[in-house]
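Colleague: Below you will find the structure I want to go over with you.
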């Protein structure tokens, strides 16, 4: 399955690559040097999140004034009724960032209605930039690698976040479990063939939208633990979070279905 931008769409790649350089100037000097504060939902936020969010919002509004912007760190969205929206996570992996760990970055997803059409993600410390436009997925400017056709059993892995309260992970047999601290990074590792599925706890529009063009183009599916599919339109309603408070599995249909059967 290939997802294309609407006819007449404009590439945002050059803009995104310049913005990524500006993002590094804001965040890298603060990496590991800031304490985090708790937000109402229990997640952390640092001064770097807020500075990055303000800069990205300002640049996006100037670059695409007719496109709305929904950002994790902004109390009010820009043009919330617009047909097209940017869904932004200014610093996915805040807890890792605050502790000086390497996996964190910026995710920007372009949505048309309830369809994710493009994705732009940058992880400064790992030096990885992911771009999806016009049906083409790129990692650092080269085509995204495919998942190997054969893998040693000991290398099969699932990346997880915030699921231990609702899932007995001992029932996930045959896979190593990893949590690298960033849901968007987990999704990009899935898209790059470096993990086999992800399981995420209840999350928000900006935790998924930048990566969904990559995963959906590969035929991967999103399923809540009860087997129901994700309707992205539900996440476009404030507070932009899951309408059901249960984990979600994302990956190849056969793996997702087998895991749901095992876990429920």
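In the working numbering, the protein residues as written are 4 to 267.
Ideal placement from N, C-alpha and C gives every residue a C-beta, glycine not left out.
(1) Between which two residues does the alpha helix (DSSP H) containing residue 186 stretch?
(2) If distances are taken between C-alpha atoms only, which option among 109, 166, 164, 71 comes closest to residue 93?
(3) Report, in whole angstroms, the separation of the C-beta atoms of residue 202 and residue 154, which I expect to be a contact under 8 Å.
(4) Under three-state DSSP, which class holds residue 237?
(5) With distances taken from CA atoms, which of 238, 74, 261, 222 is nearest residue 230?
(6) Tell me the residue span of the beta strand (DSSP E) that contains residue 170.
(7) What is the C-beta distance between residue 167 and residue 193, in whole angstroms, given that I count them as a contact (C-beta under 8 Å)?
(8) Which runs of the alpha helix (DSSP H), 4 residues or longer, sit entirely within the segment 69-116?
(9) Whose CA, out of 162, 191, 169, 186, lies closest to the CA of residue 178?
(10) Can you list, in chain order, the residues of its chain with a C-beta nearer than 7 Å to that of residue 129? Leave out the 5 residues immediately preceding and following it.
(11) When DSSP builds the beta bridges, which residues end up paired with residue 123?
(12) Between the C-alpha atoms of residue 171 and residue 29, what's the straight-line distance to the nearest angstrom?
(13) For residue 95, count neighbouring Cβ atoms within 10 angstroms of its own Cβ and tell me buried if that reaches 16, exposed if not.
(14) Does DSSP put residue 67 in a helix, in a strand, or in coil?
(15) With contact counted as at least three CB pairs below 8 Å, one residue from each stretch, are the segment 73-93 and the segment 112-120 in contact?
(16) With a cut-off of 8 Å, do at least 3 Cβ pairs link the segment 118-126 to the segment 210-222?
(17) Apart from the five residues on each side of it in sequence, which residues of its chain come closer than 6 Å, Cβ to Cβ, to residue 140?
(18) Give the DSSP-derived three-state secondary structure of residue 264 in the structure shown.
(19) Within its chain, find whatever has a CB closer than 7 Å to the CB of residue 103; leave out the 5 residues flanking it on each side and keep chain order.
(20) For the beta strand (DSSP E) that contains residue 16, what are its first and last residues?
(21) The alpha helix (DSSP H) with residue 2 in it runs from where to where?
(22) In the DSSP assignment, what are the bridge partners of residue 179?
Modeller: Quick look at the numbers:
(1) 186-194
(2) 109
(3) With a Cβ gap of about 19 Å, residue 202 and residue 154 do not count as contacting.
(4) helix
(5) 261
(6) No beta strand (DSSP E) contains residue 170, which DSSP labels as neither H nor E.
(7) Residue 167 to residue 193, Cβ: 20 Å. No contact.
(8) 97-101
(9) 162
(10) 105, 106
(11) 111, 134
(12) 40 Å
(13) buried
(14) coil
(15) yes
(16) yes
(17) 147, 217
(18) helix
(19) 34, 35
(20) That residue, residue 16, is in no beta strand (DSSP E); its alpha helix (DSSP H) goes 16-30.
(21) Absent from the structure is residue 2, since the part of the chain shown begins at 4 and ends at 267.
(22) 160
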